[in-house]
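In my numbering, the protein residues as written are 132 to 709.
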């Protein structure tokens with residue numbers, strides 16, 4: 132059956148959405164999909180079928196939500212090519228958006244509608260058709276103004292200013308958003324836009340509108356440097372009364388355009404972002420992405436100014452789990468600036484920043500994170516250098532090479548009294564607890580005779596050899612060996628601990644949502660059967676392999692865990708005496 136006949140058949144039975152879903156499963160953007168879309172457009176535009184009727188009725192369609200998004204994808208492709216009246220098209224697009232609900236893809240048809248409205252006088256008709264007081268029409272005020280600006284930018288600006296001056300909040304919201312997207316070529320147009328935004332902010336205190344005005348002012352500042360001062364003044368005036376919606380909009384502006392914004396605008400938006408309530412998970416997620424984007428574009432100081440006060444204030448964010456992309460962005464920095472950041476956090480004497488430093492180092496994967504830097508650039512006093520060494524070991528104890536690399540950087544700039552203190556804490560508690568990987572790393576460092584810390588490294592390694600020799604000399608003391616029952620209890624405890632850790636990590640794994648879980652009772656092969664498109668069964672065999680991981684546990688934690696914990700707490704609380 133020809134594709135046109137199939138379309139006509141499904142249209143006659145009212146099953147066009149089902150056909151859309153079936154066609155989309157195997158053909159998203161290939162030639163078959165293009166031919167299908169072309170046939171749909173031709174049949175609609177010649178009047179053979181009405182493609183917008185199934186869209187308008189989509190809210191009551193029995194198709195599953197998964198199939199609906201396939202249908203929505205087809206409409207998003209063909210809407211710009213369809214010929215129909217504005218009311219019918221607007222009703223169809225609204226129905227598609229409403230059926231999508233809160234899904235991130237819900238606005239997909241709107242972009243297609245904007246392209247459709249750019250043709251002829253459709254944008255003008257849309258503006259005349261929408262209800263400026265209807266909350267559902269706010270998005271279409273924006274879309275129509277942006278579409279109109281393609282051919283009549285001055286008319287679009289005039290209409291936006293008119294909407295902003297009205298008493299209808301939905302129209303004001305759409306117009307404020309559109310201001311930031313309009314061309315605004317001349318200084319006069321930009322200043323007129325800012326004046327209209329300012330006037331609207333005086334009339335309404337709605338937090339949504341405040342947020343849109345803040346974002347629009349930031350967008351206007353991108354058009355030309357001459358308007359930065361005026362935009363900044365408007366943002367500062369609105370900052371004091373910014374609520375959750377306005378804060379979210381300010382953070383979103385930083386996330387989408389942060390790398391392009393002038394420094395003054397970033398500082399103003401950062402001031403608003405610092406008012407964030409961490410209960411607003413979406414805003415927190417955007418905040419992490421905003422800081423990560425600034426880091427990627429070498430705006431490190433601005434990224435730190437944005438995020439550090441919030442990390443300091445909220446302990447929960449120090450794990451970086453809620454701040455999407457931030458830990459990765461920091462770890463992508465060169466090692467020297469990263470070392471300075473971590474050293475600064477540790478020296479701040481702020482517990483939350485100390486924990487954030489520890490979690491950040493823990494997020495590093497691969498080899499040990501070596502953070503050597505020129506400590507002289509921090510212009511520390513000797514007491515501050517000693518405090519930083521203590522706090523580095525206290526917070527980064529489970530990352531011994533990282534902690535040692537910071538401490539050795541400090542040895543290079545201290546006097547004899549200072550390096551003696553740092554040497555002592557490098558040996559105990561660090562080196563006697565991690566005599567494996569850390570010792571090997573120090574042995575490599577000891578071969579660099581140009582390093583000012585090389586004599587200290589040699590003394591540390593000599594002390595470690597003497598310490599280990601003393602332990603061996605004592606031999607095996609049978610009386611201190613645990614009984615078989617005690618070893619069994621400890622082994623069982625550790626096994627339960629590892630099982631619990633495995634289950635917790637499995638819950639967070641991305642593979643859980645895309646793979647099924649099978650338990651093999653015996654054997655070392657996994658056999659699966661797959662149904663091929665033609666109905667044939669395919670057998671797939673996979674040979675299983677072992678995965679192993681090892682880590683070095685701190686030695687004293689086994690013998691005297693309470694004392695070790697106390698020492699580390701003291702190190703983390705270390706500060707210069709007043």
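Virtual Cβ for every residue (Gly too), placed ideally from N, Cα, C.
In this model, residue 477 and residue 633 are separated by some 31 Å (Cα to Cα). For residue 653, the three-state secondary structure derived from DSSP is coil.
Looking at the DSSP output, residue 658 bridges to 672. Taking all protein chains shown into account, residue 578 has fewer than 16 neighbouring C-beta atoms within 10 Å of its C-beta and is therefore exposed. Using a C-beta cut-off of 8 Å, the stretch 448-459 makes no contact with the stretch 496-509, since fewer than three inter-stretch Cβ pairs fall below that distance. Under the three-pair Cβ rule at 8 Å, the stretch 268-281 counts as touching the stretch 303-320. Taking the C-beta atoms as reference points, residue 392 is found nearer than 9 Å to residue 349. Taking 9 Å as the cut-off, the beta carbon of residue 702 is found no closer than this to the beta carbon of residue 473.
Counting C-beta pairs closer than 8 Å gives three or more between the stretch 275-292 and the stretch 320-327, which meets the contact rule. Every alpha helix (DSSP H) stretch that sits fully inside the stretch 171-203 and reaches 4 residues is listed by chain position as 183-187.
The count of Cβ pairs closer than 8 Å, one atom from the stretch 675-689 and one from the stretch 535-553, stays below three, leaving the stretches out of contact.
Unbroken alpha helix (DSSP H) runs of no fewer than 4 residues, entirely contained in the stretch 563-622, are found at 568-576, 585-604, following chain order.
In the structure shown, residue 407 falls within a coil segment according to DSSP collapsed to helix, strand and coil. Annotation for residue 343: the continuous alpha helix (DSSP H) segment containing it runs 338-354.
Excluding sequence positions up to five before and after residue 198, its CB lies within less than 7 Å of the CB of 152, all in the same chain and listed in chain order. Non-local C-beta neighbours of residue 219 in its own chain, meaning closer than 8 Å and more than five positions away in sequence, comprise 183, 187, ordered along the chain. The beta carbon of residue 480 sits closer than 6 Å to those of 706, all from its chain and outside the five residues before and after it, given in chain order. Distance check between residue 696 and each of 396, 529, 493 places 529 closest, using alpha-carbon atoms only. With at least 16 other beta carbons inside 10 angstroms of its own, residue 414 counts as buried. According to the DSSP assignment, residue 389 belongs to no alpha helix (DSSP H), since it is labelled neither H nor E. Runs of alpha helix (DSSP H) with 4 or more residues, each lying fully within the stretch 195-253, are found at 196-209, 217-231, 239-248, listed in chain order. Remark: C-beta atoms of residue 699 and residue 675 do not approach each other more closely than 9 Å. Within its own chain, the residues whose Cβ lies closer than 8 Å to the Cβ of residue 398, once the five positions on either side in sequence are excluded, are 433, 436, listed in chain order. Taking C-beta separations shorter than 7 Å and ignoring five residues to either side along the sequence, the partners of residue 367 in its chain run 399, following chain order. The beta carbons of residue 517 and residue 553 sit about 7 Å from each other, so the pair counts as a contact at 8 Å. For the pair residue 489 and residue 459, the CB atoms are not nearer than the 9 Å cut-off. Going by beta carbons, residue 508 and residue 482 fall outside the 9 Å limit. When secondary structure is reduced to three states using DSSP, residue 314 falls in the coil class, being assigned neither helix nor strand.
A check of alpha carbon separations from residue 313 across 531, 298, 291 identifies 291 as the nearest.
Uninterrupted alpha helix (DSSP H) stretches at least 4 residues long and entirely within the stretch 427-451 occur at 431-444, given in chain order.
Short of 7 Å from the beta carbon of residue 515, and not among the five residues preceding or following it, lie these beta carbons of its own chain, in chain order: 478, 707. A buried status is given to residue 420, since no fewer than 16 other beta-carbon atoms sit within 10 Å of its beta-carbon.
With fewer than 16 neighbouring CB atoms inside 10 Å of its own CB, residue 216 falls in the exposed class. Rounded to whole angstroms, the gap between the alpha carbons of residue 154 and residue 358 is 51 Å. With the rule of 3 Cβ pairs closer than 8 Å, the stretch 328-343 counts as touching the stretch 367-380. In this structure, the beta-carbon distance from residue 213 to residue 160 does not fall below 9 Å.
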